[in-house]
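Everything in the sequence shown is counted per the numbering used here, starting at 6 for the first residue and increasing by one.
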Amino acid sequence: MSLRPFIFTLGFIAVFTVGVSLTGCIINVNAAGMLELDHQQRELTLDAEDVQTLVAETGAGSLEIIGVEGLTQIKLVADIYSHDDSKMLLTLEKHANQAKLKADFESNTRISNYSPYIDLKLQVPAGLALEIVDGSGAVFINKTTADIKLQDGSGELAIHGGNHVSIDDGSGAIEVSQVNGNLAIIDGSGDIQINDIKGSITIDDGSGEIEVANVQSTVTINDGSGNINVVNTKGLTILSAGSGDVSFDKIDGPVSKL
6 MSLRPFIFTL GFIAVFTVGV SLTGCIINVN AAGMLELDHQ QRELTLDAED
56 VQTLVAETGA GSLEIIGVEG LTQIKLVADI YSHDDSKMLL TLEKHANQAK
106 LKADFESNTR ISNYSPYIDL KLQVPAGLAL EIVDGSGAVF INKTTADIKL
156 QDGSGELAIH GGNHVSIDDG SGAIEVSQVN GNLAIIDGSG DIQINDIKGS
206 ITIDDGSGEI EVANVQSTVT INDGSGNINV VNTKGLTILS AGSGDVSFDK
256 IDGPVSKL
């Protein structure tokens, strides 16, 4: 996420877990005609031995997760942008077979367009399952092989990889590919692009164009508005198309439009 055109002085309260390694640096950035901005970067690592799932609760800011084969740790880099009154919570803890990440600010530190935010970059073992509740900002997940459950408020979303994938999204474009299992999407608004899915697909969409290609099982779509284009699947059911054109090709199975 790029720096926003508002500048603040950083003040924060951060909580870090005992046993998690930590490094950090502070960078002052000044721009002509603007107030001072303090940008703080924090790095956390957590031993991922016996950890099966990463449970993450994140607020405003971008979130990037990269799966790495053979990795035995969870590595986090957090870029923090804030102002004097910001009270931040940033923790990465191990609870039994779960790693729990929290990254957000107290609600009373959000002031309209002057709200603080945290950009997060994580490297995780490729086979680690993900359960994510995200507030706002772009989400990018790549090269993971386990199940993914994502509840997202707003912002662009791209997932490349994963086993069974479930998405509940408010608004923003969605792009999903290279999923080895089933894919389920509930979406409020924004275009949806899906490609290369080995399992079945179900989509419940409010508005926005839907493009689906190269699915090795069936596709079921319930859509409010926007064009629908489906190519190369093993079956297609359109429960509702609302407004917008519907086109399909190379469907190797039954086609139903209710």
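Note that beta-carbon positions come from the ideal geometry of N, C-alpha and C, so glycine has one too.
message: Count Cβ pairs between the stretch 195-202 and the stretch 217-224 that sit closer than 8 Å; are there 3 or more?
response: yes
Alpha-carbon spacing of Asp157 relative to Ser261, whole angstroms: If you number the sequence shown from 1, residue 157 lands on position 152. If you number the sequence shown from 1, residue 261 lands on position 256. Rounded to whole angstroms, Asp157 to Ser261 spans 30 Å at the Cα level.
task: Go through its chain and collect everything with a Cβ distance to Gly240's Cβ below 6 Å, but skip five positions before and after it.
output: Translated into positions along the sequence shown, residue 240 becomes position 235. Excluding residues within five positions, the ones whose Cβ falls inside 6 Å are Thr223, Gly258, Pro259.
Identity of the residues DSSP links to Asp209 by a beta bridge: By one-based count along the sequence shown, residue 209 stands at place 204. DSSP, once it has assigned bridges, lists Ile191, Asn227 as partnering Asp209.
- request: Give me the Cα-Cα distance between Gly29 and Ala65, rounded to the nearest whole angstrom.
  value: Within the sequence shown, residue 29 is the residue found at index 24, counting from 1. Within the sequence shown, residue 65 is the residue found at index 60, counting from 1. Residue confidence is low: Gly29 scores 48 on pLDDT, short of 50, so the model does not pin down where it sits. Its coordinate-derived value is still stated next. Approximately 20 Å between the Cα atoms of the pair.
Length of the line joining the Cα atoms of Met93 and Ile172: Within the sequence shown, numbered from 1, the residue matching residue 93 stands at position 88. Within the sequence shown, numbered from 1, the residue matching residue 172 stands at position 167. Straight-line Cα distance between these residues: approximately 27 Å.
- prompt: Where does Ser176 sit, in a helix, a strand or coil, going by DSSP?
  reply: Your numbering for residue 176 matches position 171 in the sequence shown. DSSP places Ser176 in strand when its eight states are reduced to three.
- request: Note the first and the last residue of the continuous beta strand (DSSP E) segment covering Ser67.
  value: As a first step, residue 67 must be located in the sequence shown, where it is residue number 62. No beta strand (DSSP E) contains Ser67, which DSSP labels as neither H nor E.
query: Is the stretch 172-187 touching the stretch 80-87 in the sense that three or more CB pairs, one from each, lie closer than 8 Å?
result: no
Through-space distance from Thr150 to Gly167, alpha-carbon basis: Counted from its first residue, the sequence shown places residue 167 at position 162. Counted from its first residue, the sequence shown places residue 150 at position 145. For Gly167 and Thr150, the distance between alpha carbons rounds to 4 Å.
message: Once DSSP output is grouped into helix, strand and coil, what is the label at Ser222?
response: As a position in the sequence shown, residue 222 is number 217, starting the count at 1. In this structure, Ser222 counts as coil in the three-state DSSP scheme.
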